[in-house]
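Comments concern the structure below.
Protein chains in written order, with the numbering used here: chain P, 227 to 512; chain Z, -2 to 265.
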């Protein structure tokens, strides 16, 4: 296991003494390879707090998170024995709106900033930049440009390239497609799928878009009021009764299938995955 | 009566191809119009031109009969409120009540009046319990509701929602869409700018922008019937519509199914 949560609780401290409990008794294992995970749940359910534990940006109030064999607990840092930098290199975390974090004069300098920080030689980092810029679907020529003259989508790609250049084993992205139109969203998701398939990395994505979950995820985690309430296949999630109480949407394809079953007074023998599947089913009944 | 009239409007950012070219459209008083288009279609540029945040290269914008120019821009801004996409970028107050007051203070409302109105409009968007809260204690949907309260308090005739729901979770999105419906029912002219056809079908009329041009403009029903335009718009089609098209192509459609899919498209 690359990452293991054991009975993790986390409280945000507050001045008035009533600490806010953001994570409650989380037990969870993430494999190093082969997983495409979506993490969902309404705003404030603990999703971002959870992923920030995955590279020890924050430490549990009680319980432990073991990342590549290194156990992180409340007082881990105070003991001073554990070096956190290697962990942060292995688990790459892309925050929401990463494009706001670009700051260098050129795209190249921005991309090599991370690896250099982790002790990679400049010449090696530059070679990596030339590779990763292609992985995110941009031309090598972009390396010379200023990040500030790029479009929003291009900036997002550059910031993801910066994380990829650190060669993390696991890539975690906090709402990477928020605010994008359907085409921009699909382009980015295909990019993450490519990273997952070609580079054989585990990818974890926080999202509110259930169509994304249904279409891409091999595993889905649901957070609700600090609890991990579901860990399993997306297909099974959307047939569960509790889904309404977790304030989650239903993917469009499932909604329309149910509505059609209702109005046509039929029961399809399987849940279609795409509109083409549904077309095949409807064909049989009209 | 048209409350907004736009004629031959063109705009380009420095040296680039036109973000908008020869846009002509109008919005009737009390109507709810959606401006639908993908990222980069020019829809946000259009909203910035209407409120005078950008200056057109050519063409004319008339709001409530007044031509938008340097002299009229301040008066026109009193008539139009705008809710932007990112809830964090528009929260200017230290607390919820400060934020609701901000617009009214700019319009020089009486202090006592402001205090009453904060209460009144916070209640309208169900934020009364949060008046002393700071923005970090609010969800995105709550911040957007605070923005709406601030605009409602200014009593503008027109409110533009510029992708105001695209960064919210499902619950937040639903609550904002419900407020939009209410506001429009109460007589405010509403323009929603979106790439989500599910949202657009709720409005009276749809204008589709593509590469800075108006490619379609009409009643929501007519637009949904215009297969060719929708297919060329680069928008993500509603699933019931996609299914209808597949059935049409296979010559399998019948009136019953067609009617059901139509109702589902309209979100009914």
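Where a beta carbon is used, it is the ideal one built from N, C-alpha and C, also for glycine.
All values derive from a computational prediction rather than experimental measurement.
Contact of residue 164 (chain Z) with chain P is assigned, a C-beta pair being separated by under 8 Å. Residue 465 (chain P) and residue 249 (chain P) have their C-alpha atoms some 26 Å from each other. At a cut-off of 8 Å between C-beta atoms, residue 372 (chain P) does not count as an interface residue with respect to chain Z. Taking CB atoms only, residue 485 (chain P) has a neighbour in chain Z less than 8 Å away. For residue 10 (chain Z), there is no enclosing beta strand (DSSP E), as DSSP marks it with neither H nor E. In the DSSP annotation of this structure, the continuous segment of the alpha helix (DSSP H) that includes residue 423 (chain P) starts and ends at 408 to 424. Of the candidates P:322, P:282 and P:473, the residue whose Cα lies closest to the Cα of residue 406 (chain P) is P:322. For the stretch 66 to 99 of chain Z, the beta-carbon criterion of a distance under 8 Å to any beta-carbon of chain P is satisfied by 82 and 83. Under the Cβ criterion of 8 Å, residue 133 (chain Z) is not counted among the residues facing chain P. Here DSSP, grouped into helix, strand and coil, assigns residue 157 (chain Z) to strand. Of Z:89, Z:76, Z:81 and Z:122, the smallest CA-CA separation from residue 104 (chain Z) is found for Z:76. In the same chain as residue 196 (chain Z), and ignoring 5 residues on each side of it, the C-beta atoms closer than 8 Å to its own belong to 31, 162, 174 and 189, in chain order.
Within the stretch 119 to 144 of chain Z, contact with chain P at the beta-carbon level (separation under 8 Å) is assigned to 136, 137 and 138. Following the DSSP letters along the chain, one finds residue 499 (chain P) in no beta strand (DSSP E), marked with neither H nor E. Non-local C-beta neighbours of residue 122 (chain Z) in its own chain, meaning closer than 6 Å and more than five positions away in sequence, comprise 142, 145 and 146, ordered along the chain.
Per the C-alpha coordinates, the member of Z:229, Z:238 and Z:168 positioned closest to residue 470 (chain P) is Z:168. Contact of residue 207 (chain Z) with chain P is not assigned, every C-beta pair being separated by 8 Å or more.
Closest in C-alpha terms to residue 38 (chain Z), from the list Z:217, Z:233, Z:210 and Z:258, comes Z:210.
Rounded to whole angstroms, the Cβ separation of residue 418 (chain P) and residue 240 (chain Z) is 28 Å, and the two are not in contact under 8 Å. For the stretch 159 to 187 of chain Z, residues whose beta-carbon sits nearer than 8 Å to a beta-carbon of chain P comprise 160, 163, 164, 165, 166, 167, 168 and 169.
Residue 121 (chain Z): member of the alpha helix (DSSP H) spanning 108 to 121, first to last residue.
If you keep only unbroken alpha helix (DSSP H) runs of at least 4 residues inside the stretch 286 to 332 of chain P, you get 302 to 305 and 311 to 316.
In this structure residue 231 (chain Z) touches residue 35 (chain Z) by the C-beta definition: roughly 5 Å separates them, less than 8 Å. When only Cα atoms are considered, residue 179 (chain Z) and residue 402 (chain P) end up about 32 Å apart.
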